[in-house]
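Everything below concerns the one structure shown next.
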Amino acid sequence: MLHVFACDGDRLRWAREGEGVRTPLPAETVWLDLQNPTPEELARAEALMGIKLPTREQMAEIEESSRLRITPDAVHMTALVLVWADTDQPRIVPVSFVLAGGRLATIHAVDPQPFLAFRRRVTRSGGAELTAEAVLAALLDGVVERTAAVLRRVGLELDTMGSRAFRGRALPVKGERRDDTRTLKRIGHTGHLIGKAHVSLSTLNRLLTFLARGEGWTPAKRTRRWARAALQDVTGLGEYAQFLSGKVSLLLDTTLGRINVEQNEIIKIVSILTVTLFPPTLVASIYGMNFVSMPEKDWTFGYPLAVMLMILSATLPMIYFKRRRWL
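Going by numbering that gives the first Met the number 0, the residue at position 289 of the sequence shown is 288; the numbering climbs one at a time, nothing skipped.
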């Protein structure tokens, strides 16, 4: 899909004429947003930009020279952006930003939420920023804010899980239901999401450093100043993501340790019950034998004595365990 945004007086408007027609794109176009473009849409965008736009294979390259490069006609930048963060399958997708001839082209297979929000805002109320670099700054600001919102939500979720994990009680109280399998899945999903956010922030850090330095090309002073401020935000978010990763590790160790303690408590109780019931079982087994020459069979108080002996043999170990504080 090809979204065309053109300069209309002192505003930025969405040029709807670009949908499904073969006419040339407007000369006053400032931003071309290509979401999983068709070959025809890509050809129209390349004709307006006057350059070759990167393919999906080129966007997937991991070398620094492939993600941030300057050609005689354009500046190519690629970042990994976090998408689907509110689902069970978060992803990071490459998004390419190409500046050429006073225009910006963005190419991506999945539509990031900040891009959708920016298009809606421009469609409804227009925009006062008419330069390609200003649109680039607005899009990257949206990506950073979206990543920050995800990390804030993850931090609150970790605080909630941590308060439950550190309550100081191994076995659940009566009426409390605790699903350790679900808890472990939540912790794993949270760590997975933080890891992807950290990878995205690392690529944004390099991209903003590239913009702030402006080596090999001449971005506007306003762009460099904005890039330096945004770089500080991204650096802080990267440190916060590392802090959250540490909380995930601590919470995972705590949960696994609590599960281990619960299992040990259960095994201890079963072991004590086994030891406690062994002497009465031994007494019952002895007097359950059918030998003729057993004098206790003729005793009048043989049965009560055997019962008393079984009760006593079960009570004495329990008293011993209590005094040793094993129970």
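Think of the CB as a built atom: it goes at the ideal place given N, C-alpha and C, for glycine as much as any other residue.
* **CB of residue 79 within 8 Å of CB of residue 233, strictly** => no
* Name the two residues that bound the continuous beta strand (DSSP E) containing residue 7. => 1-7
* Beta carbon of residue 189, beta carbon of residue 157: below 8 Å? -> yes
* To do: Could you name the residues of the same chain whose beta carbon sits closer than 7 Å to that of residue 317, not counting the 5 residues immediately before and after it, in chain order?
  => 275
* Asked: Helix, strand or coil for residue 106 per DSSP?
  -> strand
* Can at least three beta-carbon pairs, one atom from the stretch 177-184 and one from the stretch 136-156, be found at a separation below 8 Å? -> no
* To do: Over the uninterrupted beta strand (DSSP E) stretch that includes residue 234, give me the two end residues.
  => Premise fails: residue 234 lies in the alpha helix (DSSP H), 220-285, not in any beta strand (DSSP E).
* What's the gap between the Cα of residue 283 and the Cα of residue 309? -> 7 Å
* **For residue 271 and residue 306, the rounded distance between their alpha carbons** => 21 Å
* To do: Determine, using beta carbons only, whether residue 140 and residue 44 come nearer to each other than 8 Å.
  => no
* To do: Give the DSSP-derived three-state secondary structure of residue 77 in the structure shown.
  => strand
* **Length of the line joining the Cα atoms of residue 86 and residue 5** => 34 Å
* **Assigned secondary structure, residue 32 (DSSP; H/G/I helix, E/B strand, else coil)** => strand
* Per the contact definition of three or more C-beta pairs closer than 8 Å, is the stretch 290-302 in contact with the stretch 253-260? -> no
* Asked: Around the Cβ of residue 186, are there at least 16 other Cβ atoms within 10 angstroms (buried) or fewer (exposed)?
  -> buried
* Asked: At what residues does the alpha helix (DSSP H) containing residue 318 begin and finish?
  -> 301-322
* Asked: In terms of residues, what are the limits of the beta strand (DSSP E) holding residue 67?
  -> 67-69
* To do: Report the rounded CA-to-CA distance for residue 210 versus residue 113, giving the unit in angstroms.
  => 20 Å
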